Structures are given as structure tokens and as C-alpha cells.
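The listed protein sequences correspond, in order, to chains B and P.
Here my numbering is used: the first residue of the first sequence is 158, the next is one more, and so on.
Here my numbering is used: the first residue of the second sequence is 158, the next is one more, and so on.
Worksheet for the structure shown next.
There are 2 protein chains.
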Amino acid sequence: MARLNGTHDPALRSWVESANTPDTDFPIQNLPLGVFRRRGEAAERARGGVAIGDRILDLAAAVAAGLFAGPAEAAARAAAGPALNPLMTMGNAAASALRARLSALLRAGAPERARVEPLLVPMAEAEMLLPATIGAFTDFLTSTYHTERGGRRTRPESPLPPNFKHLPVAYNSRASSVRVSGEAIRRPNGQRLRPDGTVHFGPCEALDFELELGLFIGPGNPVGEPVHIDFAPDHMFGYCLLNDWSARDIQRWESHPLGPFLSKSLSTSISPWVVTADALEPFCASAFPRAESDPKPLPYLHGEADQREGLMDIRMEAFLLTPRMRERGEPPARVTATNFTNMYWTFAQMVTHHMSNGCNLRPGDLLGSGTASGPTDESRACMAELTEAGTQPLTLPNGETRRWLEDGDEVIFRARAERDGFVPIGFGECRGRIAPAPAWPRGRNDA
Amino acid sequence: MARLNGTHDPALRSWVESANTPDTDFPIQNLPLGVFRRRGEAAERARGGVAIGDRILDLAAAVAAGLFAGPAEAAARAAAGPALNPLMTMGNAAASALRARLSALLRAGAPERARVEPLLVPMAEAEMLLPATIGAFTDFLTSTYHTERGGRRTRPESPLPPNFKHLPVAYNSRASSVRVSGEAIRRPNGQRLRPDGTVHFGPCEALDFELELGLFIGPGNPVGEPVHIDFAPDHMFGYCLLNDWSARDIQRWESHPLGPFLSKSLSTSISPWVVTADALEPFCASAFPRAESDPKPLPYLHGEADQREGLMDIRMEAFLLTPRMRERGEPPARVTATNFTNMYWTFAQMVTHHMSNGCNLRPGDLLGSGTASGPTDESRACMAELTEAGTQPLTLPNGETRRWLEDGDEVIFRARAERDGFVPIGFGECRGRIAPAPAWPRGRNDA
Numbered sequence: 158m159a160r161l162n163g164t165h166d167p168a169l170r171s172w173v174e175s176a177n178t179p180d181t182d183f184p185i186q187n188l189p190l191g192v193f194r195r196r197g198e199a200a201e202r203a204r205g206g207v208a209i210g211d212r213i214l215d216l217a218a219a220v221a222a223g224l225f226a227g228p229a230e231a232a233a234r235a236a237a238g239p240a241l242n243p244l245m246t247m248g249n250a251a252a253s254a255l256r257a258r259l260s261a262l263l264r265a266g267a268p269e270r271a272r273v274e275p276l277l278v279p280m281a282e283a284e285m286l287l288p289a290t291i292g293a294f295t296d297f298l299t300s301t302y303h304t305e306r307g308g309r310r311t312r313p314e315s316p317l318p319p320n321f322k323h324l325p326v327a328y329n330s331r332a333s334s335v336r337v338s339g340e341a342i343r344r345p346n347g348q349r350l351r352p353d354g355t356v357h358f359g360p361c362e363a364l365d366f367e368l369e370l371g372l373f374i375g376p377g378n379p380v381g382e383p384v385h386i387d388f389a390p391d392h393m394f395g396y397c398l399l400n401d402w403s404a405r406d407i408q409r410w411e412s413h414p415l416g417p418f419l420s421k422s423l424s425t426s427i428s429p430w431v432v433t434a435d436a437l438e439p440f441c442a443s444a445f446p447r448a449e450s451d452p453k454p455l456p457y458l459h460g461e462a463d464q465r466e467g468l469m470d471i472r473m474e475a476f477l478l479t480p481r482m483r484e485r486g487e488p489p490a491r492v493t494a495t496n497f498t499n500m501y502w503t504f505a506q507m508v509t510h511h512m513s514n515g516c517n518l519r520p521g522d523l524l525g526s527g528t529a530s531g532p533t534d535e536s537r538a539c540m541a542e543l544t545e546a547g548t549q550p551l552t553l554p555n556g557e558t559r560r561w562l563e564d565g566d567e568v569i570f571r572a573r574a575e576r577d578g579f580v581p582i583g584f585g586e587c588r589g590r591i592a593p594a595p596a597w598p599r600g601r602n603d604a
Numbered sequence: 158m159a160r161l162n163g164t165h166d167p168a169l170r171s172w173v174e175s176a177n178t179p180d181t182d183f184p185i186q187n188l189p190l191g192v193f194r195r196r197g198e199a200a201e202r203a204r205g206g207v208a209i210g211d212r213i214l215d216l217a218a219a220v221a222a223g224l225f226a227g228p229a230e231a232a233a234r235a236a237a238g239p240a241l242n243p244l245m246t247m248g249n250a251a252a253s254a255l256r257a258r259l260s261a262l263l264r265a266g267a268p269e270r271a272r273v274e275p276l277l278v279p280m281a282e283a284e285m286l287l288p289a290t291i292g293a294f295t296d297f298l299t300s301t302y303h304t305e306r307g308g309r310r311t312r313p314e315s316p317l318p319p320n321f322k323h324l325p326v327a328y329n330s331r332a333s334s335v336r337v338s339g340e341a342i343r344r345p346n347g348q349r350l351r352p353d354g355t356v357h358f359g360p361c362e363a364l365d366f367e368l369e370l371g372l373f374i375g376p377g378n379p380v381g382e383p384v385h386i387d388f389a390p391d392h393m394f395g396y397c398l399l400n401d402w403s404a405r406d407i408q409r410w411e412s413h414p415l416g417p418f419l420s421k422s423l424s425t426s427i428s429p430w431v432v433t434a435d436a437l438e439p440f441c442a443s444a445f446p447r448a449e450s451d452p453k454p455l456p457y458l459h460g461e462a463d464q465r466e467g468l469m470d471i472r473m474e475a476f477l478l479t480p481r482m483r484e485r486g487e488p489p490a491r492v493t494a495t496n497f498t499n500m501y502w503t504f505a506q507m508v509t510h511h512m513s514n515g516c517n518l519r520p521g522d523l524l525g526s527g528t529a530s531g532p533t534d535e536s537r538a539c540m541a542e543l544t545e546a547g548t549q550p551l552t553l554p555n556g557e558t559r560r561w562l563e564d565g566d567e568v569i570f571r572a573r574a575e576r577d578g579f580v581p582i583g584f585g586e587c588r589g590r591i592a593p594a595p596a597w598p599r600g601r602n603d604a
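Here it is as C-alpha cells:
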């Protein structure tokens, strides 16, 4: 935690009163970045903003008002447009300069309050957009607990694949269908193998969520040039919640031998606020403890600082809101409570491995951590784990049961980083509601 | 072949004499599109061009010279910039309007010759660039021959995966490292499992090529909206050669359970010229003949026109140029001769399947066909097949042997579509030379 500074001071309070309540995700110690517009505004009005309590500071307006100077101004300009990629390109020093100035502008007693206050937009009046243009989305598999629970069904002889403790397993997923929290998720059509051996095409019969953390890449690397793990954090810009929607029946049938494809590319939802690496500094945690019998990470995946502080202490939760709950005004039911310290690999290891073959990452690329399941029953972070692949229905508090997600179900993720001596910071929500599968489109000769 | 028109007329000749030689890839019946600049010009001078013989017609200059009107002008403007995506977005009707006008401008006796001739750039003075901004790259596995040869080693109990004849198997590959012909390919570092059971990290010991055809997507589809196979061709813009460089040792170790990742993302090379769907009309071929015992494609993958003309009769070749050949002035050795009609699935089936779950494709997305191997020994289209996974070295005409690609080796792909009664058209070359693996970068405390 060598990089703590005044912006992390737990004594800091904001003149935006809603940022000082104990339950807010967005105290002045957080200051996550996102892209928004006021509801009803044209698409080209999308612009960068900073969350503070239940308000958004309009960065485009703040730049225009002359509230920044020097490096903070350059950073604010880069964050003021319709995507955060320009700021991500500049890297974490620029983001930290912006953070320092935002912290000064928004803290209680700030002399600029009168100039800043008119630039706040109530979150309730804003529509959040994707925070970045995402050129690529890579999804990892880094929780032993998630992997072993799945593996006990599909690979009983070796629930954990032989390579799992040697490298952070990953696959390229689909960037074009990454969508921001709140957009409806249409149940996909797809192929599956039925127990009777027939192959069938139709609406997915085993739709699932996966609770993950997403990392946005900051500065990239040129093709052919790997990066040492010591410097991987220089490429790690910030974090969001990520729901890696999964069609389990399609996945089982399509994944051999080249891995999941349409079972994942149907859509991926992310929360709109990017919590910066800087904001999460106080919540760093040591790498997952290796057992005596575990292989040592190869040297390229072993970094001293990474071992000391490569994970983050983030409590992550998933909730289910069914149509009946919505109708009756019942609260969403919590189905998962886990922590990011359950992950076997750190994001620095994932980034280093990803670049190790010379593959170029680019600013705005998104890395998913993999389902963040832990050892306990309540920390199972997808339906496949919660229902043992649909065989043991989950009973919700109102008596409803679920084997998989049904049309109209809404999945809601929340997360908070907490540590004694610091003000907790949150991620906001990642929500997605299941819409029915589309009818198959007509052909040229169909009536 | 209902869509043949005057631009396909085999009697057509160009006033560009080099376009009329029997061995040119770029007769007036071809007119492929690409992006280029003159050597030495600044990066921002990249602009669209059309190959004709050994010349490039500068589309930006041709638009400025007022050589287009109406729909052809709109299309030419869309193709004149630093990437062809705007034209791809407009679709094949726009590309056909442009083609018709280009054919008129370049044919023998064209009254515009005096105005067009100064706008030609010798290919020898040009540097070709990526033809499009590639938002996503999906690679398929659609040759039974390639799949079975690989499967006999790795899955002897079932060389062809159970799903292979039910769906076009695919995985998301990496778009950021797709590069244009001619750029050096750095041997990747990576993890492998040694026969003694130890895990090792270092330069790839089994570097391979894969000879494929690439498809550029034209207009895309919105998230959640699949497309009927009858209309898939409306989304298929044009084709290039594609070398899906593969690190076989890394691939074997990393691919279970989520598929190939770093073994493929090291780099992918493509030829710079996009041969349009229109230009390839005369070379359409019927779908791969199913055996009685083969499953019928499910209805969503079965289209009448697609069965009749969904493949293309394209002869594809791979050559190897070793450092010793280069030194001695020997010609490259042909190691593969195959044909695209060997593929079990058509590109229309690949596109339809890709969109079937509602995944959105976007203009400029790239789909790889998979290694286009055929049944004969000479049609084996990667080193893994040619050398039985490195166990049977390939002997080249000059006596050299290869188990895998060595540093300094250059792989060259060429392809031509041929049919009686039509002028053959070619793809130009896709080249890539292997550079040594980079030394591992230094850490923070390294001297």
C-alpha cells in the first residue's frame, strides 16, 4: 500500500451530502469514471463523468468551466469524451492526477464548490453507457472452487484441469456483445445434444449467470513485446462488475475441441462505473496461498509485489429478482456472497500471461476474472454451481424455485471493497433481465 | 451464377497491359480492394485502392478527379479512406456499383483512360496495409481432412469431434494481432508440458502455419437478431488469404478446457487484397457432398442456394522459403496444394451459425475458414499434418528438412479461382517470415 495518498484519507468528506452516507458506493474516496448522458439527450452527447454519492460530475462541463490545469486537465479532457479509451491510453499516473484534483474539488470546504455544484447531474436523470470502446474481451477461469465444482461433473477423473495451477486459463470471448448494465438479455437460440442422442436447435434451456470482476486495460503493448509482471500494473486501469451470461446446454455441446463460443457471445453485461486501480489501493490483498503440493508459479508469473498485494479484498454478491418478486414488490433474493480473494491467480498474472506470447493488448480491452466462487455454499457464483447443473433446484426466500434463469428473471450484481481503517467503496450495480428468445427469422421463400 | 454480369465477361481486357497477362492475379475481372500508401508516405496518407495488373488505382485520387457519380461515387468515397469498413457497412450492392464503374474505367478503349492513367501507382512502389479495422476475428474448423488428421493423434477414439458434422466448430480468436502480409512474425514464448511431465516456459518449439481463407463481414446484425441463411450472403463482403500461425506445443498444453488462446493470438497474417463476393461469383461450387451416414444439417443451417453454390472453387497453395533458399536464390518450395471445395461447411453456414445466438457481427469482422486441407497428401495445409506433428520431417526439394518452422523461414500463400470459360482471378500473396523469440523483459530489480 505504498501508493496511498490524501485521496484515500478516511477522514475526507464531500460537500455532496449523499456521498457521506455509510451505504453509498460512491464516497469521495472512490471517484469512479463512467460515460453517461441525460435521459433523452442525443447519442452524440455521451460524455465522461465521475460518480459522487447519487450525483455525476459532468467532466465535459467541468473541463469547459476551467476547473482543471496541468496534467489533471489533460487527463480530464481525455476522460470527457464518449469513451474513456483516451484516458486509459495515458495510463494510471494521468488517472491519479485527475483523481487528486477531483478529490480537491469535491471535498467538504472546497472553495470551488459554487462552480462545481451546477455541473452535477442526478444519477436518476442519467443513462449510463459503456465506459469504453472495448476492442477485445478475454475471459479467464481462475477460481479453483468454481472450476472444481464444474469439473466434478464434466471431468470427474480430474476436476481441476492439469494446467490450471500452472497458468491462468483463458479464452478469447466476444467484445461486440459486451453491454452495459440494464440492457435486456435475449435468451439465445442454439444447438444442444439431448439425452436421447438427438441434436436440437432452439431457445437455450440452461441459461446461467457468472459473477466476475472485469479489468480494463490501460496502456497497451506492441505486438511481439511481452511485459514483465513487475510492470503489469502499469497496464491495469480499473475494474467493473461483469456478468458472463452462459448458455450451459449450448456450451456442453459446442465446446469440444475449441472451447466455448456461442454459449458466451450472446451477451456480456458490465457495470457502468470503472473503479480505478488507485481507488482500490487500500484493499489490496496477498496472492492466494499456495499449498505445499501446489506447483510454484513459473518465474514469469511470479512477482514480489504481486504476491504481497496482487488480489483485492472485494465482497461480491449476486441477487435474483423474479417476475413474481417484481409484481409483489419483494426485494431481490441474494443467491451468492463471495470475495475476490478466492481467486487462484491475480490480474497481474493474467495480464502478464496474456502478453507473454507477444499478443498486443490495447487500451480499453476487457479481461474477465472468471466466476469468483469461493469454498462455501453461499459463495457459489453461478447457477450451475448453485443447482448442481440444474439437478438440485434452488429455493428462493418466497418459495419459488429455479434450476436455471427464466424469462423475466433479473440478475443483479453488487460489490464493495472494505477494510478496517478505510471508507468502503462500491461498484454500483450490474443488472440484466432475461427477455424471451427471438422467433427464427424468415427465409426468402417463407410466407 | 444468376448474378453474373458484364464485369465477369471473359472477353474483357484492360488498357493496363499487365492486367491481360495469363499469370496475373489481378485481371479486370477481379478488381480487389485494398488499402495502401506509397512507400515513405506518412501513415495518415493510407487510402483505398484497386488492384489492376501490377498497378493500384488510387481511389482517393479517382474520387477527387470526379471519375464517379451516383451510387458508384458513394461507394468509391467509402472505399477511399484508411480502412474499407465504410464500404463494408454499405454492403454488396454498393460494392457492385463501384465494381461496374471501375470495370468501365479500366477496360480497353475506355474514354476516361487519359484521366485514369495518372492515378495508377506501381505496386512495387506501394506498401499495403490492413484493408479494414478488424473488430473481431473468429476462426472456424471446417475441413474434415484437417480435423481427422489432427484428431487421429489427439483423440484417436473419435478423430472427428461428435459435433463436427452438426455445426461449424469455431472459437473467438484475437483481432488485435491480425497483421498484413509481409510483417515479421516473432516466435512466441509460452508454456508447454514436456514429455517428462515438467512444465517449461520459453520460445515455441513447434511453430506452424495454417492455410485458410478469410471472410470480411459486410453489414452487421444487431445484438439479439439472428439472420436466416438465405440472407447470410448479404453480410459476406469479400475474401483474403489467412495464415493462422499456431504454436502447437503451447496449444496442446493450454487448450483444455477452454480452447486455444496464446497459441493463436501471437499473430495472424492476411493478404492485403479483398477479393469481393461479386468477383468470385463465377467460381461458386456446390456444398460439400454429405454421405448417407452424415447427419443432415439442421434447418437453420440448410439453404437451397447455399447447397447449390455455397462453396468456391479456389486453388490454394503454401510455399516455404528457407534462409538457405533465400541465400542461394532458390525459389520457394511448394508444400501444400489444396482447394476450398474441400470444406465441409460453407461461409454462409458459418455466418448463420455465428449469428444464431444473437451475437452481433460488425462490418470488418474477419472469419477464418479453418485450415483448408483436402484428402490427398499434397493437400495437407499445415506442418502438423505434413510432418505428423513433427514426427516425420518434411524433406524440401533442396534437401533441407523441417519438423516445424524455423527462424528465418518465410511462409507464402497464393490462391487462384479458376473455371472453364472464365478468366482466372487470384488473391495476391500472404507472406510472413519468422523472427526469433524476444528475450524475456527485465523486472524492476533486474540489473
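Even for Gly, the Cβ is constructed at its ideal location relative to N, Cα and C.
Since this is a predicted model, take the numbers as computed values, not measurements.
What did DSSP end up calling P/Asn555 once you bin it into helix, strand or coil?
Within the second sequence, residue 555 of chain P is the residue found at index 398, counting from 1. In this structure, P/Asn555 counts as coil in the three-state DSSP scheme.
Quick check on the DSSP output: what are the complete alpha helix (DSSP H) runs of length 4 or more inside the stretch 222-301 of chain B, in order along the chain?
Listed in chain order, they are 227-236, 242-247, 249-263 and 270-273.
Could you tell me whether any Cβ in chain B is nearer than 8 Å to the Cβ of P/Gln348?
Walking along the second sequence from the start, residue 348 of chain P turns up at place 191. Yes - at least one Cβ of chain B is within 8 Å of the one on P/Gln348.
P/Gln186, buried or exposed, once every other Cβ within 10 Å from all chains shown has been counted against 16
Taking the first residue of the second sequence as position 1, residue 186 of chain P is located at position 29. Under this definition P/Gln186 is a buried residue.
Going along chain P in order, which residues have a C-beta closer than 9 Å to the C-beta of B/Asp113?
As shown, chain B starts at 158 and ends at 604. That puts residue 113 of chain B outside it, with no answer to give.
Going by C-alpha distance, which of B/Arg343, B/His323 and B/Leu224 is nearest B/Asp365?
For this step, residue 365 of chain B is matched to residue 208 along the first sequence. It is B/Arg343.
From the DSSP output, which residues share a beta bridge with P/Val580?
Taking the second sequence and counting its residues from 1, one reaches residue 580 of chain P at position 423. DSSP lists no partner for P/Val580.
For P/Phe418, go through chain B and note every residue whose CB falls closer than 7 Å to its CB, in chain order.
For the purposes of this step, residue 418 of chain P is identified with residue 261 of the second sequence, where counting begins at 1. In chain order: Ala327, Tyr328 and Asn329.
Quick one: which chain B residues come within Cβ less than 7 Å of P/Phe358?
Taking the second sequence and counting its residues from 1, one reaches residue 358 of chain P at position 201. Within chain B, the residues near P/Phe358 are Leu455 and Tyr457.
Would you mind telling me which residues of chain B sit closer than 9 Å to P/Arg382, beta carbon to beta carbon, in chain order?
Start at 1 with the first residue of the second sequence, and residue 382 of chain P comes out as number 225. This sequence places Glu at residue 382 of chain P; Arg is not what is there. When 9 Å is used as the limit between beta carbons, P/Glu382 is near these residues of chain B: Arg343, Pro595 and Pro598, in chain order.
Have a look at P/Arg204 and P/Ala235 and give me their C-alpha separation to the nearest angstrom.
Translated into the one-based positions of the second sequence, residue 204 of chain P becomes position 47. Translated into the one-based positions of the second sequence, residue 235 of chain P becomes position 78. For P/Arg204 and P/Ala235, the distance between alpha carbons rounds to 10 Å.
Which same chain residues, not among the five before or five after B/Met158, have their C-beta less than 8 Å away from its C-beta?
Counted from its first residue, the first sequence places residue 158 of chain B at position 1. With a pLDDT of only 47 at B/Met158, under 50, the local geometry of the prediction cannot be trusted, and no value is derived from it.
Which residues in the same chain as P/Ser422 place their Cβ atom closer than 6 Å to its Cβ, once the five residues preceding and following it in sequence are excluded?
Taking the first residue of the second sequence as position 1, residue 422 of chain P is located at position 265. Listed in chain order, the non-local C-beta contacts of P/Ser422 below 6 Å within the same chain comprise Arg331 and Ser334, local neighbours out to five positions each way being set aside.
Output needed for B/Leu216: all residues of its chain with C-beta closer than 7 Å, excluding positions within five of it in sequence on either side, in chain order.
As a position in the first sequence, residue 216 of chain B is number 59, starting the count at 1. Excluding sequence neighbours, B/Leu216 sits near Arg204, Gly205, Gly206, Val207, Ala233, Ala236 and Ala237.
Stretch pair the stretch 403-416 of chain B + the stretch 263-274 of chain B: three plus CB contacts closer than 8 Å:
Touching, no.
Which of helix, strand or coil DSSP assigns to B/Gln549:
On the first sequence, position 392 is the one that residue 549 of chain B refers to. Three-state result, B/Gln549: coil.
Mind checking if P/His303 is an interface residue toward chain B, Cβ cutoff 8 Å exclusive?
On the second sequence, residue 303 of chain P is found 146 positions in, with the first residue counted as 1. No, P/His303 lies away from the interface with chain B (no Cβ there is under 8 Å from its Cβ).
Cut-off 6 Å between Cβ atoms - residues of its own chain near P/Ala218, not counting five sequence neighbours on either side
To locate residue 218 of chain P, count along the second sequence from 1; it is residue 61. Sequence-distant partners of P/Ala218 (beyond 5 residues in either direction) whose C-beta falls short of 6 Å from its own C-beta, in its chain, are Leu276.
Consult DSSP for B/Pro593 and reduce its assignment to one of helix, strand or coil.
Numbered from its first residue, the first sequence carries residue 593 of chain B at position 436. DSSP places B/Pro593 in coil when its eight states are reduced to three.
Alpha-carbon spacing of B/Thr425 relative to B/Leu399, whole angstroms
Translated into the one-based positions of the first sequence, residue 425 of chain B becomes position 268. Translated into the one-based positions of the first sequence, residue 399 of chain B becomes position 242. Rounded to whole angstroms, the separation of the alpha carbons of B/Leu399 and B/Thr425 is 7 Å.
Confirm, please, whether the CB-CB distance from P/Arg256 to P/Thr433 is below 8 Å.
Translated into the one-based positions of the second sequence, residue 433 of chain P becomes position 276. Translated into the one-based positions of the second sequence, residue 256 of chain P becomes position 99. Yes, Cβ-Cβ distance for P/Thr433 and P/Arg256 is below 8 Å.
Could you have a look at P/Gly381 and say whether DSSP puts it in helix, strand or coil?
Here residue 381 of chain P refers to the residue found at position 224 of the second sequence. In the displayed model, P/Gly381 falls within coil according to three-state DSSP, outside both helix and strand.
For P/Leu263 and P/Ala250, I'd like the C-alpha separation in whole angstroms.
The sequence position of residue 263 of chain P within the second sequence is 106, counting from 1. The sequence position of residue 250 of chain P within the second sequence is 93, counting from 1. Approximately 20 Å, taken between the alpha carbons.
How about P/Met158: is its C-beta nearer than 8 Å to some C-beta of chain B?
The sequence position of residue 158 of chain P within the second sequence is 1, counting from 1. Any reading at P/Met158 needs caution, since the residue's pLDDT is 47, under 50, leaving its predicted position unreliable; the model's value is listed next. At least 8 Å separates the CB of P/Met158 from every CB of chain B.
So the candidates are P/Gly359, P/Ala592, P/Glu314 and P/Leu478; which of them puts its Cα closest to the Cα of B/His510?
Within the first sequence, the letter at position 353 stands for residue 510 of chain B. Closest by alpha carbon: P/Gly359.
On the CB-based measure, 16 or more other CB atoms within 10 Å of its CB, does P/Leu543 come out buried or exposed?
For this step, residue 543 of chain P is matched to residue 386 along the second sequence. Buried is the call here.
Between B/Gly197 and chain P, is the shortest Cβ-Cβ distance under 8 Å, so that the two count as touching?
For the purposes of this step, residue 197 of chain B is identified with residue 40 of the first sequence, where counting begins at 1. Not an interface residue.
Could you pull out every residue in the same chain whose Cβ sits closer than 6 Å to the Cβ of B/Val173, ignoring the five residues on either side in sequence?
Within the first sequence, numbered from 1, the residue matching residue 173 of chain B stands at position 16. Correct list, in chain order: Ile209, Gly210 and Arg212.
Taking the beta strand (DSSP E) that P/Ile471 belongs to, which residues open and close that run?
Within the second sequence, the letter at position 314 stands for residue 471 of chain P. Taken as a continuous stretch (DSSP letters only), the beta strand (DSSP E) holding P/Ile471 covers Ile471 to Leu478.
Rounded to whole angstroms, what's the CA-CA distance from P/Ala475 to P/Asp166? Just pull it up for me.
Here residue 475 of chain P corresponds to residue number 318 of the second sequence, with the count starting at 1. Here residue 166 of chain P corresponds to residue number 9 of the second sequence, with the count starting at 1. Whole-angstrom Cα-Cα distance: 30 Å.
Identify each residue in the stretch 272-306 of chain P for which the Cβ-Cβ distance to at least one residue of chain B is less than 7 Å, and report them in chain order.
Flagged, chain order: Gly292, Ala293 and Leu298.
Contacts of P/His323 in chain B (Cβ-Cβ under 7 Å)
Walking along the second sequence from the start, residue 323 of chain P turns up at place 166. Under the 7 Å cutoff, chain B gives Gln348 and Val356.
If I measure Cβ to Cβ from P/Arg599 and keep anything under 7 Å in the same chain, skipping five residues before and after, which residues do I get?
Along the second sequence, read from residue 1 onward, the residue named residue 599 of chain P stands at position 442. Apart from sequence neighbours up to five positions away, no residue of its chain approaches P/Arg599 with a beta-carbon distance below 7 Å.
Reduced DSSP secondary structure (H/G/I, E/B, other) of P/His357
Start at 1 with the first residue of the second sequence, and residue 357 of chain P comes out as number 200. Strand, per DSSP.
When you check each C-beta in the stretch 387-406 of chain B against every C-beta of chain P, which residues fall closer than 8 Å?
For the stretch 387-406 of chain B, which is checked against every Cβ of chain P, the residues closer than 8 Å are Asp387, Phe388 and Ala404.
Would a C-beta distance cut-off of 8 Å place P/Phe504 and P/Leu372 closer than the cut-off?
As a first step, residue 504 of chain P must be located in the second sequence, where it is residue number 347. As a first step, residue 372 of chain P must be located in the second sequence, where it is residue number 215. Yes.
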